[in-house]
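These notes are about the structure you will find just below.
Number of protein chains: 2
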Amino acid sequence: MSNSRTGAAAAPRMSSGTTRLRPVLRPVDTAPLPLDSIIEGDCIAALDRLPAESIDLVFADPPYNLQLGGDLQRPDQSMVDAVDDDWDKFESFAAYDAFTRDWLKAVRRVMKPDATLWVIGSYHNIFRVGATLQDLGFWLLNDVVWRKTNPMPNFRGKRFTNAHETLIWAAREQASRYTFNYEALKAGNEDVQVRSDWLIPLCTGGERLKDENGHKAHPTQKPEALLARVLLAASRPGDVVLDPFFGTGTSGAVARKLGRHFVGIERDPGYIAAARARLAAVTPVADAALLMPAEKRSEPRIAFASVVERGLLAPGAVLVDQRGRHKAVVRVDGSLMLGDIAGSIHKIGALVQGLPACNGWTFWHFSDGGALKPIDDLRAVLRKELADAEG
Amino acid sequence: MSNSRTGAAAAPRMSSGTTRLRPVLRPVDTAPLPLDSIIEGDCIAALDRLPAESIDLVFADPPYNLQLGGDLQRPDQSMVDAVDDDWDKFESFAAYDAFTRDWLKAVRRVMKPDATLWVIGSYHNIFRVGATLQDLGFWLLNDVVWRKTNPMPNFRGKRFTNAHETLIWAAREQASRYTFNYEALKAGNEDVQVRSDWLIPLCTGGERLKDENGHKAHPTQKPEALLARVLLAASRPGDVVLDPFFGTGTSGAVARKLGRHFVGIERDPGYIAAARARLAAVTPVADAALLMPAEKRSEPRIAFASVVERGLLAPGAVLVDQRGRHKAVVRVDGSLMLGDIAGSIHKIGALVQGLPACNGWTFWHFSDGGALKPIDDLRAVLRKELADAEG
DNA sequence: CACCAACATGAATCAATTG
DNA sequence: GCAATTGATTCATGTTGGT
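Listed in order, the protein sequences are those of chains A and B. Under full-length UniProt numbering, the first sequence has 360 at position 360, and the numbering climbs by one with no breaks. Under full-length UniProt numbering, the second sequence has 10 at position 10, and the numbering climbs by one with no breaks.
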């Protein structure tokens, strides 16, 4: 592990160097990663200049103007007389798919092998994005529903109130060992696993950026609470968060507040100006201890043999399961004996239950003054000794 | 309008005769619409034999293409009974796409011009289905989220609990003048528009069909409440509801109960037998207006993390008990920190008191202008927001 | 019969380390 | 790189069986 796991101020984690994918052609003129800054320009061109495998987390809020003008307009600018012409629809969807494919491929190149990607969208575009992700080899982890507490009603009464948007969370590849701060999320959620549906208000009021005329600075500014949950779930302090459609910089503001680095790409100078002003006003959470995700510290491995060696259990001692239905005898070498079969605490535990696997530490119990206690208690004794010895 | 709109017993509505799409090649040997019966056989072959433009509503629960790997064990070492049926296995995404395209095209031919289609799926397949719908010229109306009250947990703690599935609601084409019972839905929802996220329990208990051995008759039986909401929203009494993946006939049972006709297509004789027995036991309700399933309600769970996310408490804020004997610090992720130990508000509250359990909401207080107030007051603020969202 | 404890189960793309 | 081993991990709801 890199040292960045130990503090918010540390340098960003570098790629492990192991490339699990086939080698990637890297553009000749890549620049060093411009940490905590906004790159002005076209998303894909800018991505192609970033170093490969340098990003820990990607958050993307791509445009979904499937049939409008702008960057997705047909190349020849020709007029289409029938707007609902099937062929035109196909052209439009195909153009959007090509655009999606291009930016996702460019993003994937700069992701570390264990990086993950979040994309947000609505039913207009999210299906195409999701299918493209699968086609490119991303590994879908969850689709997450942002339930809006205060959605805009459906004024014409012709459909259900469009009260949610969808986020897709995907790893770069199936083999990725991605960051997921399970324990921390659970601790903040009444000690229950966090579900795939999140209830969060729209970005309104003081959080909503306004221009000099009092109009909203960006049409689809996302709430910081949404980004906070994304970053707290799937990144660590010191990680680098890339947002290829930076807009007015919600992802950057939250990254900065939570001790993550950001890299933003944005084409519109107006949005960039708004984002820069916003970022300058962000106060990072100072105390690194508040940022590190609550985690069960990984305990040193203890062999059952050392429990016997240390005399916490004598050879010949009888272990039973909690309800006393199964018995086994401790041998000097730390294996268990059941009749004439010997094996590990796990193997014998699985055997007597007819199961493929078993955690022997919690399954087997010993008698301590009449009370049955799991042998895991004995492991805890050794761990404490070990911890004390290390200071 | 046909007279079928006025009563449950009327004949099914016939096509208006105006074809808004380009002419469709109709198979020579189409049969008359086999109302209220199950067609045994391949989905696409059976669809090709149905008359064109004869269906008012389609509900489809296609294979999800789960792509499961090895076995999954629960923490108690028991096995998860996963979907491992042959009908859910596909060679590749391309094969699944081809399958999807074929059945959707066949379905579209038999839909009336104003008919709509519902498809349900998970993140494994729903993106591909949605994109294919768009490619074929369907017009997406909503994506609807079925939020499960009681989903299966994520046993390994590696992802968010997969707590929802997605339904796509689409018209045959953009010009469709589809059925949407807006006023009825609103009246049944405390006079507010029905949202795109529905909270409904899984199909369990007595509703779940079992075989003679007591095992579930179908691995993915859907709750009747879900189908009831679909049919009440987007069909009228007397309409014909087609289900190309009939399974054990939930859509048919609900259609029959609500005074709609059904046409089911199913390949597996075992499922068909179960469905026939089930359908025979259904009693149609005399007055369909009486049956509006109430949304599942439960006391909303508020996460302390969301109190921090919304800025009601800042990271680093100090919480104390009422008499100021214990202190703990709020972290960014909604856990509390006591020394170097992090945990939930409840766990840390229990820890400082040496008790096995503690209600952190009433135990911990924050300082509000000199006065100590329980953090439960902050929960009340969020609860009010949530109540507004749930209706 | 009431009550409680134990058990069962739901569309699941659900590990990390050692040898 | 692959196989074998170790060991970490669950929420809501309904049913069953015992006192």
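Note that beta-carbon positions come from the ideal geometry of N, C-alpha and C, so glycine has one too.
| query | result |
| --- | --- |
| By the three-class DSSP mapping on this structure, what secondary structure does A/Trp364 have? | coil |
| Counting pairs of beta carbons, one from the stretch 253–262 of chain B and one from the stretch 340–352 of chain B, are three or more of them closer than 8 angstroms? | no |
| Pick helix, strand or coil for A/Leu68, following the three-state DSSP scheme. | Reliability fails at A/Leu68, whose pLDDT of 48 lies under 50, so the model's placement of it is uncertain and the value that follows must be treated cautiously. The answer is coil: DSSP assigns A/Leu68 none of H, G, I, E or B. |
| State the DSSP-derived secondary structure class of A/Thr166, mapped to helix, strand or coil. | strand |
| For A/His326 versus A/Val332, is the C-beta distance shorter than 8 angstroms? | no |
| Compare the C-beta of B/Met337 with all C-beta atoms of chain A and state if any pair is closer than 8 angstroms. | yes |
| List the whole-angstrom C-beta distance separating B/Gln221 from B/Thr250, where the pair is believed to meet the contact cut-off of C-beta under 8 angstroms. | 6 angstroms |
| Am I right that B/Ser54 and B/Val240 are in contact with their C-beta atoms under 8 angstroms? What's the rounded C-beta distance? | 7 angstroms |
| In chain A, what lies closer than 8 angstroms to B/Tyr182 by C-beta? | Gly157, Lys158 |
| Buried or exposed, going by whether 16 or more other CB atoms sit within 10 Å of the CB of A/Val352? | buried |
| Go to residue 394 of chain B, then tell me how far its beta strand (DSSP E) extends in each direction, as first and last residue. | In the structure as shown, chain B starts at 1 and stops at 391, and residue 394 of chain B therefore has no counterpart that could be examined. |
| Compute the Euclidean distance between the alpha carbons of B/Pro374 and A/Asn189, then round it to the nearest angstrom. | 18 angstroms |
| Closer than 8 angstroms, CB to CB, is B/Asp84 near chain A or not? | no |
| If you count every other CB in all the chains shown that lies within 10 Å of the CB of A/Ile341, and 16 or more means buried, which is it? | exposed |
| So which residues on chain B does A/Ala228 lean against when the C-beta distance must stay under 7 angstroms? | Glu309 |
| Return yes when the Cβ of A/Gly247 is within less than 8 angstroms of the Cβ of A/Glu266, no when it is not. | yes |
| Look at the Cβ atom of B/Val119, then the Cβ atom of B/Val129, and state whether they are nearer than 8 angstroms. | yes |
| For my contact list, A/Ala217 and A/Ala280 are in at a C-beta cut-off of 8 angstroms; report their separation, rounded to the angstrom. | Actually they do not touch by this definition, with Cβ atoms about 15 angstroms apart. |
| Is the beta carbon of B/Met152 sitting closer than 8 angstroms to the one on A/Ala289? | no |
| From this set, A/Thr161, A/Leu141, A/Ala95, A/Asn65, which residue's C-alpha is nearest A/His124's C-alpha? | A/Asn65 |
| Work out the CA separation of B/Arg195 and A/Glu165 for me, nearest whole Å. | 12 angstroms |
| Give a yes or no on whether 8 angstroms exceeds the smallest Cβ distance from A/Ser78 to chain B. | Low confidence applies here, because A/Ser78 scores a pLDDT of 47, under 50, leaving its location unreliable and the question unanswered by this model. |
| Determine the chain B residues that contact A/Gly121 at a beta-carbon separation under 9 angstroms, and present them in chain order. | Residues of chain B passing the Cβ test: none, with the nearest at roughly 10 angstroms. |
| When you compare the CB of A/Glu266 with every CB in chain B, is at least one pair closer than 8 angstroms? | no |
| Rounded to whole angstroms, how far is the Cβ of A/Ala305 from the Cβ of A/Gly343, which I believe are closer than 8 angstroms? | Actually they do not touch by this definition, with Cβ atoms about 13 angstroms apart. |
| Hey, how far is the Cα of B/Pro269 from the Cα of B/Glu40? | 7 angstroms |
| Mind reading off the beta-carbon distance from B/Val381 to B/Leu312? Whole number of angstroms is fine, and I expect it under 8 angstroms. | 6 angstroms |
| Given this structure, state the Cα-to-Cα distance separating A/Asn150 from A/Thr161, to the nearest angstrom. | 10 angstroms |
| Cα separation between A/Leu258 and A/Ala371? | 48 angstroms |
| Check the C-beta distance from B/Ile272 over to B/Ile38 and give it rounded, since I have them as a contact under 8 angstroms. | 5 angstroms |
| What is the rounded straight-line gap between the Cα of A/Phe127 and the Cα of B/Ala106? | 21 angstroms |
| Residues in its own chain within less than 8 angstroms of A/Trp198 by CB, not counting five upstream and five downstream? | Val144, Val145, Trp146, Arg147, Leu226, Arg229 |
| By the three-class DSSP mapping on this structure, what secondary structure does B/Ser251 have? | helix |
| For A/Ile200, which of B/Val308, B/Ala317, B/Ala46 has the nearest alpha-carbon? | B/Val308 |
| Assuming contact is defined by CB atoms lying nearer than 8 angstroms, are A/Ala95 and A/Val58 in contact in what I supplied? | no |
| Cβ of B/Asp135 less than 8 angstroms from any chain A Cβ? | yes |
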